[in-house]
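*Asks:* In the order they appear, the protein sequences are chains G and C. As numbered in numbering that gives the first Met the number 0, residues 0 to 740 make up the first sequence, in order. As numbered in numbering that gives the first Met the number 0, residues 0 to 109 make up the second sequence, in order.
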Amino acid sequence: MSLPRGVDWLLRAGLPSDQREPIAGDVEEEYVARVRRDGVLRASLIVWWQAARLALTFRWERTSRGRPLPPIADEAPRRFTVFESMTQDALFAARLLRRQPGFTVVAVLMLALGVGATTAIFGIVDAVLWRPLPYPAADRVVSIAEQRPREGRLHGVVAPADFYDWRREAKSFAAMAAFEPVPLNLSGSGEPERIRAMMATPGLLGVVGMAPAAGRDFRAEEETPGKHRVVLMTDGLWRRRFGADAAIVGQRITLNGTSWMVIGVLPATFWWPAQPDVIIPYASVDGGDSMRALHSMDVVARLNAGVSFEQACAEMDAIGKRLSETYPQTNAAHFPHVIPLQEAMVGEVRPAMLMLVGAVALVLLIACANVATLLLAKATGRHREIGVRIALGAGRGRLVRQMLTESLLLAIVGGGAGLLVAAWSIATFRAILPAQFLGLPGVDRIGIDTRVTIVALVVSAVTGLVFGVIPALTASDQHAAATLHEHGRGGGAGARSGRVRAGLVIAEVALSLMLLVGAGLLLVSFKHLLDVSPGFEPRNLVTAPLALPGNRYDSHARIVAFYQALLERRRNAGRRVHGRRDRLAVQRQRFEKRLSDRGAHGTVPGAGPCELAAREPRLSHDARRAARARPLVQRPRRRGVTRRRHHQCGRSQTILAGRQSDRAPHHVCLRRAAAVDRDRRRRRRHQARRPRRRFESRSLPAAHAEQFLGSGARDDAGRAYARRCIGDGADDSSGRERDRQ
Amino acid sequence: MAATDVSALGEFEQVVLLAVLRLDDEAYAVSIAEEILRCTGRSVSRGSIYITLDRLETKGYLKSRLADPTPERGGRAKRYYALRPRAIEALKEARRQLVALWRGLDAKLA
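(1) Just to check my reading of the structure: C:L61 and C:L52 have Cβ atoms closer than 8 Å, yes? What is that Cβ distance to the nearest angstrom?
(2) For G:A245, tell me which candidate among G:L528, G:A212 and G:T452 has the shortest Cα-Cα distance.
(3) Does G:G394 have its Cβ less than 8 Å from a Cβ in chain C?
(4) Is C:R41 buried or exposed, if buried means 16 or more other CB atoms sit within 10 Å of its CB?
(5) Classify G:S142 as buried or exposed, calling it buried when 16 or more other Cβ atoms lie within 10 Å of its own Cβ.
(6) What does G:G24 reach in chain C if we use C-beta pairs closer than 7 Å?
(7) Provide the residue span of the alpha helix (DSSP H) that contains C:K77, from first to last.
(8) Is there at least one Cβ from chain G nearer than 8 Å to C:G59's Cβ?
(9) Would you grab the beta carbon distance between G:A93 and G:L409 for me? Rounded to a whole angstrom, and I think it's under 8 Å.
(10) Find out if the Cβ-Cβ distance for the pair G:A358, G:F466 is shorter than 8 Å.
(11) Is G:D7 helix, strand or coil when you go by DSSP?
(12) Closer than 9 Å by beta-carbon distance: list the chain C residues that pair up with G:L391, in chain order.
(13) Relative to chain G, which residues along the region 44-59 of chain C have a C-beta separation below 9 Å, given in chain order?
(14) Could you say which of G:P433, G:E405, G:A564 and G:V468 lies nearest to G:T103 if we only look at CA atoms?
(15) In the structure shown, what three-state DSSP assignment does G:N369 receive?
(16) With G:F436 as the anchor, note down where its beta strand (DSSP E) starts and where it stops.
(17) Could you give the distance in angstroms between the alpha-carbon of G:E270 and the alpha-carbon of G:A282?
(18) Label C:R102 either buried or exposed according to how many other C-beta atoms from any shown protein chain fall within 10 Å of its C-beta, with 16 as the threshold for buried.
(19) I want to verify the contact list: residues of chain C whose CB lies under 9 Å from the CB of G:T56, in sequence order.
(20) Across which residues does DSSP place G:S258 in a beta bridge pair?
(21) For G:N303, name the three-state secondary structure that DSSP assigns.
(22) Please work out which residues of its chain come closer than 7 Å, Cβ to Cβ, to G:V504, disregarding the five sequence neighbours upstream and downstream, and give them in chain order.
(23) Kindly indicate which residue of G:A144, G:R500, G:G113 and G:I558 has the alpha-carbon position closest to the one of G:T379.
(24) DSSP state of G:T768, grouped into three classes?
(25) Along the region 24-40 of chain G, what residues have a CB closer than 7 Å to any CB found in chain C?
(26) For G:T86, count the other beta carbons within 10 Å of its own beta carbon; 16 or more makes it buried, fewer makes it exposed. Which is it?
(27) Please go through the same chain and pick out, in chain order, the residues whose beta-carbon is closer than 8 Å to the beta-carbon of G:L439, but skip the five residues on each side of it.
(28) G:T233 and G:L418 - do their beta-carbons sit closer together than 8 Å?
(29) For G:P21 versus C:A86, is the C-beta distance shorter than 8 Å?
(30) Name the residue from G:E179, G:S16, G:A421 and G:S524 whose alpha carbon lies nearest to the alpha carbon of G:L293.
(31) Cutting at 7 Å between CB atoms, please list the residues of its own chain near G:A792, excluding the five before and the five after it.
(32) Work out the CA separation of G:A158 and G:I425 for me, nearest whole Å.
(33) Just how far apart, CA to CA, sit C:G59 and C:R83?
(34) Find the nearest neighbour of G:P3 within the set G:I120, G:S43 and G:R215, judged by alpha-carbon distance.
(35) May I ask which residues mark the beginning and end of the alpha helix (DSSP H) holding G:I338?
(36) Pull up the distance between the alpha-carbon of G:R713 and that of G:L236, whole angstroms please.
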């Protein structure tokens, strides 16, 4: 029978160290006698009362009378200063770690992995999620989109007419701008080059709080077609292509075969997710209500001083409601949706990144549990040493401090190694980062900086305390005489130490299991993703985006003639590459983009108020053959028209359109197409059938800016073949290849 | 070491010393308290016993030793006390002083 919980602590805290053991023994002896006589409850209460009185009496004796009593509790006479004492502890801990190299190496490796993984993920998440965007007062910049719940769009692109109404009516914003990425061909001096461009309305630089490093910003009148042939150049393109020519402002460059005047160079600090090389004005054309049916713009704005985010949201809601009432045909159930710009940029990756943080935190906890178990096992072998130190008068606090110093030293060494692991991990991450993540804010700032280093040190220190405190408390909780006696007889570790170790192992196994289950689910999801058929055979397929210059190919006939000539040239050259027949075909892409490139925001023939499924890739007959896929919806070929002719005259070009066509997911069509491919008879019936419900088929003019798609025996062969065909076909166009695999 | 003035013994210190003297080799805090209770009827607090024993040891009247730990005490040792010779001298002196004071007072107290 032992003393009630807390009494032992009370006696330890209140009694002088030389009196503690015999007095606690007396109290326990009386407690045992009282339990037999009065029962546990009464005995416990009496003993509690006695212990409290004893502690107070000794405290009173010492403080009030100033008698030279032996020291109380753990307040050992300090022969050293605190600093000297800590230095001694650290040197002793270093000697201990050096004496056990096996243990030290294993523990440091575990800590390095845990701290390294945590630091690396923190470095990435901090740069992307938690640091403000690289603009002045970045928290005042918002993204405004159109919420179209009926079409499943929470934050969708905006119709130009809606944007102009918002810009005119909203008073909560100091600046508002719309933009849309567009690829352009830069030619003139040097090699023709495909560059990233962005059409933006005047005011974009005002939204991000920047000014051109040289030259000027867009003027309001440069939104007008005819006056819009001006361009702002980024610092990167200015240095790379024009050798940082100081006289670039005022010069003319050729974009898509047209002359544009450079009016300014953006500062090197300018950053935008699309990473444009140039910015050109968004030339607005008054297309009436039809401009409310085509949604293509992204809108950003900067809040006015003194206007809160909520006030801006309320004002935009009111404007959206009014537009819905005024234009019920196009704007019914369309609402402006305002969110911080950073949220718009990183909202999609935030859950995944936070999940990563949770996962590495679990890894760190497992590392802590591992090292704590090792320390406990090591402490078992130090019972005799600890017993001797207690017998020599070392208090529990002193012992705990010594053992925590050892843990902290271990954690600091592990943290240093973890920092190296983190630096290597981040370098690897940046090397293998997929291109689509380069548009995330802060990706270029990912690295080991002061903030990450401080976090690594703090994590190391906390880790040292976490894995050190349990072994320290457990190992120091023993009685000198009993320990020495027990150890002398060859006794093992105490039951309490065993329980703690068992608890640590259980926690470790539980955490590992959780991580394993999470990783397993992730793998299963990934396998399911891989199993989703894209509807075509992606092996050895190469795509080459191609934009035909509008000044030369400004009519449907010229475009069709170009592609006919190109396909003919394909048929006449390079029939076989490495023993396999090559295929090259034309693919329609982004109907909406085509209209924007032409600057004709007019009505879509026959489309009415419907929205076009702009991002739905449509494969021509040859492209489908190359990809071994079949269309879901196709205009039936007229009797007597060959399949080739059917395609060449543009009759096979079909587009999905419908009031809810934006909700038609790409993979649904492709999966349905793949299913059709599996069953020929069923496929024929399906092709002949008119699309039902949401979809309707419409014939549209032939393609303008399109995409090549070919296959070869090897990727590089197919790539070279595509480049050869394109180069022969369009002298002043350029293409970049992209693997489909 | 504290002063050796035997006249400095307080009343409760004399009681404790006498209890230790009566218990011979079995004098430790619990048995001392019980002996005082048995002989005088006074229930003394455990704290005052410990403080007094400690004070007497500091003054050089008592010496103590730690016995082997026993299971019924949770493996803790027991501290036994014994009188030093000067404690005997101090007790004799105290008794002499008291007796001298008591002498001749019987008529007044009757």
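Where a beta carbon is used, it is the ideal one built from N, C-alpha and C, also for glycine.
*Replies:* Taking the coordinates as given:
(1) In this structure C:L61 touches C:L52 by the C-beta definition: roughly 6 Å separates them, less than 8 Å.
(2) Measuring from the Cα of G:A245, the nearest candidate turns out to be G:A212.
(3) Not an interface residue.
(4) With fewer than 16 other CB atoms across the displayed protein chains lying within 10 angstroms of its CB, C:R41 is exposed.
(5) Around the beta carbon of G:S142, a 10 Å sphere encloses 16 or more other beta carbons of the protein chains shown; the residue is thus reported as buried.
(6) Those are R72, G73, R75, A76 and K77, listed as they occur along chain C.
(7) That residue, C:K77, is in no alpha helix (DSSP H); it is neither H nor E in DSSP.
(8) By this cut-off, C:G59 is not an interface position.
(9) About 10 Å separates the beta carbon of G:A93 from that of G:L409, a gap too long to meet the 8 Å contact definition.
(10) Inclusion of G:A358 and G:F466 in the CB contact set at 8 Å is not warranted, their separation being larger than that value.
(11) It is helical.
(12) The premise fails here: G:L391 is roughly 15 Å from chain C at the closest Cβ pair, so nothing lies under 9 Å.
(13) Contact residues of the region 44-59 of chain C toward chain G are S44, R45, G46, S47, Y49, I50, D53, R54 and T57 (C-beta to C-beta distance below 9 Å).
(14) Comparing Cα positions, the closest option is G:E405.
(15) In the three-state DSSP reduction, G:N369 falls in the helix class (H, G or I).
(16) Looking at the DSSP string, G:F436 is not in any beta strand (DSSP E), and its letter there is neither H nor E.
(17) A small fix is needed here, since residue 270 of chain G is Trp in this sequence, not Glu. In this structure, the CA atom of G:W270 is about 23 Å from the CA atom of G:A282.
(18) By the Cβ neighbour-count rule, C:R102 is exposed, with fewer than 16 other Cβ atoms within 10 Å of its own.
(19) Within chain C, the residues near G:T56 are S44, R45, G46, S47, Y49 and I50.
(20) Looking at the DSSP assignment, G:S258 forms a beta bridge with G:T253.
(21) G:N303: coil per DSSP, three-state reduction.
(22) So the qualifying residues of the chain are T372.
(23) Of the listed residues, the one whose Cα sits closest to G:T379 is G:R500.
(24) No answer is possible for residue 768 of chain G: the residues shown for chain G start at 0 and end at 740.
(25) Hits within the stretch, in order: G24, D25, E27, E28, E29 and V31.
(26) Its Cβ having fewer than 16 others within 10 Å, G:T86 is exposed.
(27) Only V127, P272, M344, V345 and V348 meet the Cβ criterion.
(28) With contacts defined as CB atoms closer than 8 Å, G:L418 and G:T233 fail to qualify as a contacting pair.
(29) Between G:P21 and C:A86, the gap from beta carbon to beta carbon reaches 8 Å or more.
(30) For the set G:E179, G:S16, G:A421 and G:S524, the Cα lying nearest the Cα of G:L293 is the one of G:E179.
(31) No information on residue 792 of chain G is available, as it lies outside the stretch 0 to 740 that chain G covers here.
(32) Going by C-alpha positions, G:I425 is about 40 Å away from G:A158.
(33) Inter-residue distance for C:G59 and C:R83 is about 7 Å (C-alpha atoms, whole angstroms).
(34) The shortest C-alpha separation from G:P3 is found at G:S43.
(35) Per DSSP, G:I338 lies in no alpha helix (DSSP H); the unbroken beta strand (DSSP E) holding it starts and ends at F334 to P339.
(36) Confidence in G:R713 is poor, its pLDDT being 49 and thus under 50, which makes the residue's placement too unreliable to answer from.
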